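Here it is, written out as structure tokens:
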């Protein structure tokens, strides 16, 4: 009983802290808006929908439930993880973690409290989505009969287990020192992509056969694959059929519930790695973390906080006379040379702290861009080149706020014109450097339209990063949005999201001009964002 | 060289004022800005450092309105915020080089200046260590160094001695006195002894307003003859606290030596003593002197 009360208190405090943030309510609004657009009016023009080969289920409870749940299952994990992967970090950053570390609470109890809190955030989002789906069924008014179980079951059995996994992965990633930062955010995409490929984590295989079965019972040429398309003809013109819902057999239910058990296992695993806010363990290698974690697990729940020797003040004051040479007038002036100095300083700041491994991989990508056939270099190497520096871009416009150097940096002369411009230029330079083999080769063979498309991509990326960074003062927003569109553009091949210009189709669609306009808009937004940062309290 | 603050107010939210109708004229020397927590000192510092815009009023530096044209002041400004961060992956030299680039100081000049500053703040030995491993006091000293990088005419330091050990604090006070000269230094703190050691004038603030602006001597004069001390039984202490402005107590066995600020002799045994700046500060906050 005491354990349950402890878990409840941890989860409740954390949950309240999160839902009282504006970002949570913005997320809810976005999800309601996406649900609205994904279940378009029958006479709507340009909308996304599941293409069943020219047929559509009528808007009844069963179809609205399944369609919305599938949409959530497929897209929510791409940003939902970022929404909750901050709870342990917040305790660490605010210093609350050190207080918690001195209490007798077990590591596993603390982490399960965090897992429950993560899940509670997701369940709240799920409840709002269910409500939005129900209201939309009544608004679309094609079938006003509400079958509550048919509507809700897909959310409970498809989304909830997947969200439990996401909640547990967030706890695990926050517990492993080298995964708690931006590198972990990138790794999550790979882990999630792997899980979604090798298993039915998204629940598509569980529900889609029922949809196909219902369709093929009426029409012979139904599309057996779940295919999300964007189209521009009125839905009302498509032949309809009635989908009465998924037949939930026991095996399917057990298979879905097994994900809940796996998520509990992942949270237990996190307890092995969890550093319990011990500064001596934050930064320890993987092997050392496992060893100490297992020892801590076996012996006792508490860890002693050790003083960090690296922070010891080794330089004791000495009695020296004070001497400072006066700076001659004119030493603080500006010109092209000094702007280059500032650019160099900014570039060094961006690259400092990156490991040799990072530089090694970057070099390998650049070399690959030179040696592989140009078509493959453009299609495969360019997306790799433009995802590898994601953590550098994510810091653009954020660093000053994140490290709280803003009072110093923003009180320097012309922070908008000089420092801001040099920040963008650094982002652009890194983007160009990574994409240079493909760009140069396209230029050499005279394919100017392809060159132009990719160049616009190189302008777009730092502009997006700077705009999101300046407005959110948080690197996670760019990481989430950029990786989301990068994943859809490069892995799923969604052509209208091809901001990189890596698909040859971009040259014929005029999409490049859309991205150019978007780039200018984002840069303008970034300027205004930085202006408001300059005068933030 | 002159900084004029004219009727400056800063409103944060509905009816929450950080500053109200604040006016002050500051000439070269060290201005000690004293006030309790929430007095509006940091708000004023941020406005003067061009970080925050005032809701009303003007601030002019050598005749130029810094609200409309902040870059003129920024060229000659050194600012040590109360609360600031550093980039953990850079070492002290790299961080100062970065800030020097921000301030438009050429690398050649910056190089020599950084060497001197690191010596000055006793960080030469730790200059090549990443800042992420620095202690709080060492980070504070890096803050002091960056504020002095461009040889500023206006130096604004907000709670500069927080985190410094006593030896470093004394050293910093010495530094402030040495470098002030023709400069204008604004030192905001709630540690009266810091101001006592360095300030040529003192401004006392409370509730976002200026209570008093005078030289330390003038302030001491105002409270002259109003500070009393006597030995009182411990049991009398609650009553003394209730009736008088207590400035200090020192335990003497079963009795306490109390120090009280009052217009009239508070007790038959009380004798007048020479006031300190802390007495004057307390008297000003409680409205005993104007």
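Residue numbers (the working numbering), protein chains in the order written: chain A, 1 to 537; chain B, 1 to 290.
Heads up, the beta-carbon is just placed ideally off N, CA and C, and yes, glycines get one too.
Small disclaimer: the values here were computed from a predicted structure and weren't measured.
Any contact of the region 68–82 of chain A with the region 182–196 of chain A, i.e. 3+ C-beta pairs under 8 Å? Here the region 68–82 of chain A lies against the region 182–196 of chain A, with 3 or more beta-carbon pairs under 8 Å apart.
Please tell me whether residue 474(A) has its Cβ less than 9 Å away from any Cβ of chain B. Against the first chain, residue 474(A) aligns to sequence position 474. With 9 Å as the cut-off, residue 474(A) does not count as an interface residue toward chain B.
Strictly under 9 Å for the Cβ-Cβ distance: is residue 527(A) near chain B by that measure? The sequence position of residue 527(A) within the first chain is 527, counting from 1. The beta carbon of residue 527(A) does not come within 9 Å of any beta carbon belonging to chain B, so the residue lies off that interface.
Quick check: what's the CA-CA separation for residue 162(A) versus residue 489(A)? Locating residue 162(A) in the first chain gives position 162, counting from the first residue. Locating residue 489(A) in the first chain gives position 489, counting from the first residue. In this model, residue 162(A) and residue 489(A) are separated by some 23 Å (Cα to Cα).
Look up residue 224(B) in the DSSP assignment and say whether it is helix, strand or coil. As a working mapping, residue 224(B) is identified with position 224 in the second chain. Of the three classes helix, strand and coil, the one that applies to residue 224(B) here is coil, per DSSP.
Please list, in chain order, all residues of the same chain as residue 80(A) whose beta carbon is under 6 Å from its beta carbon, the five residues on each side excluded. Translated into positions along the first chain, residue 80(A) becomes position 80. Cβ within range, chain order: 166.
Using 8 Å as the cut-off, can you tell me whether the region 370–379 of chain A makes contact with the region 435–452 of chain A, which would need three or more C-beta pairs spanning the two stretches below that distance? These segments touch.
Can you find at least 3 beta carbon pairs, one from the region 206–220 of chain B and one from the region 173–188 of chain B, that sit closer than 8 Å? Judged by Cβ distances under 8 Å, the region 206–220 of chain B makes no contact with the region 173–188 of chain B, as fewer than three pairs qualify.
Near-chain B residues of the region 399–427 of chain A - C-beta to any C-beta below 7 Å: Residues 403, 404, 405, 407, 408, 409, 410, 411, 412, 413, 414, 419.
Count the other CB atoms within 10 Å of the CB of residue 128(B); is the residue buried (16 or more) or exposed (fewer)? Walking along the second chain from the start, residue 128(B) turns up at place 128. The residue is exposed, with fewer than 16 neighbouring Cβ atoms inside 10 Å.
Does the beta-carbon of residue 46(B) have 16 or more other beta-carbons within 10 angstroms, so that it is buried, or is it exposed? For the purposes of this step, residue 46(B) is taken as the residue at position 46 of the second chain. Its Cβ being crowded by 16 or more others within 10 Å, residue 46(B) is buried.
Residue 22(B): beta carbon under 8 Å from a heavy atom of the ligand FAD? Among the components of this structure there are no ligands whatsoever, and the ligand FAD is therefore not found.
Going by the DSSP bridge assignment, what does residue 205(B) pair with across the sheet? Numbered from 1 along the second chain, position 205 holds the residue referred to as residue 205(B). Its beta-bridge partners are 210(B).
If you draw a straight line from the alpha carbon of residue 222(B) to that of residue 121(B), how long is it in whole angstroms? Here the question's residue 222(B) lines up with position 222 in the second chain. Here the question's residue 121(B) lines up with position 121 in the second chain. If you draw a straight line from the Cα of residue 222(B) to the Cα of residue 121(B), it comes to about 37 Å.
Give me the DSSP bridge partner(s) of residue 25(B). As a first step, residue 25(B) is located in the second chain; it is residue number 25 there, counting from the start. Note: residue 25(B) sits in a beta bridge opposite 4(B).
So residue 143(B) is in the alpha helix (DSSP H); what residue range does that whole segment cover? As a working mapping, residue 143(B) is identified with position 143 in the second chain. According to the DSSP assignment, residue 143(B) belongs to the alpha helix (DSSP H) that extends over 136–148.
Consult DSSP for residue 10(A) and reduce its assignment to one of helix, strand or coil. Along the first chain, read from residue 1 onward, the residue named residue 10(A) stands at position 10. If DSSP states are grouped into helix, strand and coil, residue 10(A) belongs with the helices.
In terms of DSSP beta bridges, what is residue 271(B) paired with? Locating residue 271(B) in the second chain gives position 271, where the first residue counts as 1. Residue 271(B) has 229(B) as its beta-bridge partners, per DSSP.
Contact set for residue 477(A): own chain, Cβ-Cβ below 7 Å, skip 5 residues either direction: Here residue 477(A) refers to the residue found at position 477 of the first chain. Non-local beta-carbon contacts of residue 477(A) in its own chain, meaning distances under 7 Å to residues more than five positions away in sequence, involve 468 in chain order.
Distance check for residue 396(A) and residue 470(A), CA to CA, integer angstroms please. If you number the first chain from 1, residue 470(A) lands on position 470. If you number the first chain from 1, residue 396(A) lands on position 396. Those two C-alpha atoms are separated by around 8 Å.
Specify, as a first and last residue, the run of the alpha helix (DSSP H) that residue 180(B) falls within. Position 180 of the second chain, counting from 1, holds the residue named residue 180(B). Start and end: 166–180.
CB contact below 9 Å: residue 554(A) versus chain B: Since the first and last residues shown for chain A are 1 and 537, residue 554(A) lies out of range.
So what does residue 130(B) bridge to, in DSSP terms? Along the second chain, one-based indexing puts residue 130(B) at 130. According to DSSP, residue 130(B) bridges with 91(B).
Bridge-paired residues (DSSP) for residue 252(B): Residue mapping note: residue 252(B) aligns to position 252 of the second chain, counting from 1. BP columns for residue 252(B) point to 255(B).
Cutting at 8 Å between CB atoms, please list the residues of its own chain near residue 90(B), excluding the five before and the five after it. Taking the second chain and counting its residues from 1, the one referred to as residue 90(B) is at position 90. For residue 90(B), where only same-chain residues beyond five positions count, the Cβ hits under 8 Å are 98, 130, 131.
Going by the CB atoms, is the gap between residue 169(A) and residue 191(A) shorter than 9 Å? Working through the first chain from its first residue, we reach residue 191(A) at position 191. Working through the first chain from its first residue, we reach residue 169(A) at position 169. In contact: residue 191(A) and residue 169(A) (Cβ atoms closer than 9 Å).
Could you give the distance in angstroms between the alpha-carbon of residue 130(A) and the alpha-carbon of residue 136(A)? Working through the first chain from its first residue, we reach residue 130(A) at position 130. Working through the first chain from its first residue, we reach residue 136(A) at position 136. Cα-Cα distance, rounded: 10 Å.
Limits of the unbroken beta strand (DSSP E) element including residue 539(A): Chain A is shown only over 1 to 537; residue 539(A) falls outside these bounds and no answer can be derived.
Residue span of the beta strand (DSSP E) that contains residue 188(B), given as start and end: As a working mapping, residue 188(B) is identified with position 188 in the second chain. Per DSSP, residue 188(B) belongs to the beta strand (DSSP E) from 184–189.
Does the beta carbon of residue 74(B) come closer than 9 Å to any beta carbon on chain E? Among the protein chains of the structure shown, namely A and B, there is no chain E.
Determine the burial state of residue 1(B): buried for a count of at least 16 other Cβ atoms within 10 Å of its Cβ, exposed for fewer. What you label residue 1(B) is simply residue 1 of the second chain in a count that begins at 1. Counting Cβ neighbours within 10 Å, residue 1(B) comes out exposed, since fewer than 16 surround it.
Chain B beta carbons: is any one of them nearer than 9 Å to that of residue 318(A)? Within the first chain, residue 318(A) is the residue found at index 318, counting from 1. Residue placement at residue 318(A) is flagged as unreliable, the pLDDT there being 47, under the threshold of 50; the coordinate-derived value follows with that caveat. Among the residues facing chain B, residue 318(A) is included, as its CB has a counterpart in that chain under 9 Å away.
Could you tell me whether any Cβ in chain A is nearer than 9 Å to the Cβ of residue 84(B)? In the second chain, counting from the first residue as 1, residue 84(B) sits at position 84. With 9 Å as the cut-off, residue 84(B) counts as an interface residue toward chain A.
Would you please verify whether the beta carbon of residue 348(A) is less than 9 Å from any beta carbon of chain B? As a first step, residue 348(A) must be located in the first chain, where it is residue number 348. At a cut-off of 9 Å between beta carbons, residue 348(A) contacts chain B.
For the pair the region 460–467 of chain A and the region 509–524 of chain A, tell me if three or more CB-CB distances fall below 8 Å. Under the 8 Å Cβ criterion, the region 460–467 of chain A counts as touching the region 509–524 of chain A, having at least three qualifying pairs.
Quick one: which residues of the region 253–273 of chain B get their C-beta closer than 9 Å to a C-beta of chain A? List them in chain order. Under the 9 Å Cβ criterion, the region 253–273 of chain B contributes no residue.
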